[in-house]
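I have placed the structure first, in the form of structure tokens, so that the comments after it can refer back to it.
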Amino acid sequence: MLGGLAAALLMGSCRAENGDTSSSLAQLPAYVPAERHAGTIQVVGSDTLRTALLLLTDAYHVQQPAVEFELHFPGSDFGAQALADGQAQLAPMSRALAGHEYDEVARRTGQSPLQVPVAIDAVAVYVHRENPVESADLQQLAQVFGDVATEGDAVTWSMLGGSGDWAARSLQPVGRAPGSGTYELFRTRVLQGAGFAPAYRAYPGSSSTVRAVAADAGLIGYSGIGYNYAGVRPLALSEDGGAAYQPLPEHILSGRYPLVRPLYIYASLEQGLPEETAAAMLDFLLFVVSRQGQQLLARDGFILLDQEDLASVRTRLETAAAALSGR
Numbered sequence: 001m002l003g004g005l006a007a008a009l010l011m012g013s014c015r016a017e018n019g020d021t022s023s024s025l026a027q028l029p030a031y032v033p034a035e036r037h038a039g040t041i042q043v044v045g046s047d048t049l050r051t052a053l054l055l056l057t058d059a060y061h062v063q064q065p066a067v068e069f070e071l072h073f074p075g076s077d078f079g080a081q082a083l084a085d086g087q088a089q090l091a092p093m094s095r096a097l098a099g100h101e102y103d104e105v106a107r108r109t110g111q112s113p114l115q116v117p118v119a120i121d122a123v124a125v126y127v128h129r130e131n132p133v134e135s136a137d138l139q140q141l142a143q144v145f146g147d148v149a150t151e152g153d154a155v156t157w158s159m160l161g162g163s164g165d166w167a168a169r170s171l172q173p174v175g176r177a178p179g180s181g182t183y184e185l186f187r188t189r190v191l192q193g194a195g196f197a198p199a200y201r202a203y204p205g206s207s208s209t210v211r212a213v214a215a216d217a218g219l220i221g222y223s224g225i226g227y228n229y230a231g232v233r234p235l236a237l238s239e240d241g242g243a244a245y246q247p248l249p250e251h252i253l254s255g256r257y258p259l260v261r262p263l264y265i266y267a268s269l270e271q272g273l274p275e276e277t278a279a280a281m282l283d284f285l286l287f288v289v290s291r292q293g294q295q296l297l298a299r300d301g302f303i304l305l306d307q308e309d310l311a312s313v314r315t316r317l318e319t320a321a322a323a324l325s326g327r
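First residue of the sequence shown? That's 1 in UniProt numbering, and the numbers climb one at a time after it.
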């Protein structure tokens with residue numbers, strides 16, 4: 001019964017919603033349980049989506065109390081591996097599956113993974129709230145975070161325009177650990193694929209990274225915009241030294257803010273997966289792209305997908321669910 005469902009859910013590119021969030025949400029169909037589902041769904045993946053997935057699964061459980069979730073957020077790389085190993089049915093990811101990961105999941109599970117875009121996110125570079133530095137370009141960040149300094153070079157706030165007492169203060173770069181999609185985006189877009197500086201300090205999660213910056217004025221770190229806690233503030237960023245832009249919705253949507261990415265939930269309808277579990281999983285994904293689900297994602301600081309893309313996702317999920325039930 002599961003054969004062919006992957007083909008029914010092939011996804012295209014995704015765009016962000018340009019309209020007002022409240023009016024955009026009002027145009028989305030509400031989730032209304034059409035039937036009762038049951039089963040346990042294993043979720044392994046991105047820490048960036050941790051809070052959002054906790055909100056989404058709790059809200060869905062209210063609607064479908066017989067569906068349980070086991071949630072783990074070690075990072076996007078681990079989500080991809082868990083899909084291939086058959087240890088997860090859903091993998092929230094802050095990056096797209098690489099080609100070899102996609103092929104590995106398909107080979108080992110007997111089904112191509114389903115790619116469901118769910119929101120747009122920005123990666124922010126945070127400093128302590130008392131830090132006077134306001135902006136940076138990507139080349140400056142590469143000099144601070146990257147393995148480009150020669151031995152004995154001092155890394156100070158003057159490299160980011162710090163002046164006065166701040167100019168000579170030492171600067172400590174911090175961020176996510178390998179295995180994170182956020183780490184990979186920063187390494188690819190800012191460091192151009194090069195390595196991080198020996199002094200770079202990695203943290204296991206988005207929250208711990210930002211809280212470290214809030215506790216130490218000498219730190220600079222990066223994480224998703226949803227982790228803009230009290231005690232820190234994001235820098236305005238520019239691509240090449242021109243005008244710098246804050247990670248605000250209007251700058252994210254216009255493309256002026258340089259560190260932007262889509263967020264996904266990948267689903268595995270592996271051979272041998274109980275149809276009850278597969279049906280619950282598809283229904284949960286329909287909840288995610290419904291008015292209630294997108295409202296929770298917006299509350300967590302993410303940008304909504306374009307209405308047309310969300311409609312396309314819903315249609316494909318509904319087609320897959322109908323094929324599963326034999327209707």
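Note that beta-carbon positions come from the ideal geometry of N, C-alpha and C, so glycine has one too.
Being a predicted model, the structure only gives us computed values, none of them experimental.
query                                                                                                           : result
Sequence-distant residues of its chain with Cβ nearer than 7 Å to residue 197 (five each side left out)         : 145, 146, 147, 149, 173
Meets three-Cβ-pair contact criterion under 8 Å: the stretch 127 to 140 and the stretch 105 to 117              : no
C-beta contact flag for residue 64 and residue 95 at 8 Å                                                        : no
Alpha-carbon to alpha-carbon, residue 185 and residue 195                                                       : 13 Å
Per-residue DSSP class, three states only, for residue 196                                                      : strand
Segments of 4+ residues assigned as alpha helix (DSSP H) that fall wholly inside the stretch 31 to 65           : 50 to 63
The stretch 162 to 181 contacting the stretch 214 to 233, beta-carbon criterion three pairs below 8 Å           : yes
Whole-number beta carbon distance between residue 181 and residue 48, since they are thought to touch under 8 Å : 7 Å
Contained alpha helix (DSSP H) runs [length at least 4] in the stretch 138 to 214, N- to C-terminal order       : 138 to 145, 181 to 189
Environment of residue 188 [buried if 16+ CB atoms lie within 10 Å]                                             : exposed
Assumed close pair residue 248, residue 190 - CB separation to whole angstroms, cut-off 8 Å                     : Between residue 190 and residue 248 the Cβ distance is about 20 Å, and since that is not below 8 Å, they are no contact.
Residue environment, residue 233, which counts as buried when at least 16 other CB atoms sit within 10 Å        : buried
Selection from 22, 158, 267 that minimises the alpha carbon distance to residue 80                              : 267
Range covered by the beta strand (DSSP E) that runs through residue 121                                         : 114 to 128
Nearest-angstrom Cα separation, counted from residue 138 out to residue 75                                      : 24 Å
Cβ contact (3+ pairs, closer than 8 Å) linking the stretch 255 to 264 and the stretch 274 to 281                : no
Nearest to residue 318 (by Cα), restricted to the options 283, 59, 166                                          : 283
Opening and closing residue of the beta strand (DSSP E) in which residue 70 lies                                : 67 to 72
Start-to-end residues for the alpha helix (DSSP H) that takes in residue 288                                    : 275 to 288
Residue 116 vs residue 265 beta-carbon contact at 8 Å                                                           : yes
Pair within 8 Å by beta-carbon distance, residue 200 and residue 175                                            : yes
Local conformation of residue 229 per DSSP, three classes                                                       : coil
Same chain, Cβ closer than 6 Å to residue 222, neighbours up to 5 away in sequence not counted                  : 123, 125, 175, 186
Cβ shell of residue 130 (< 7 Å), same chain only, five flanking positions each side left out                    : 217
Distance between beta carbons of residue 292 and residue 30, contact taken as under 8 Å                         : 6 Å
Cα-Cα separation between residue 325 and residue 33, rounded to whole angstroms                                 : 15 Å
Beta carbon of residue 44 nearer than 8 Å to that of residue 78                                                 : yes
Cβ-based burial, residue 27 [other Cβ within 10 Å; buried from 16]                                              : exposed
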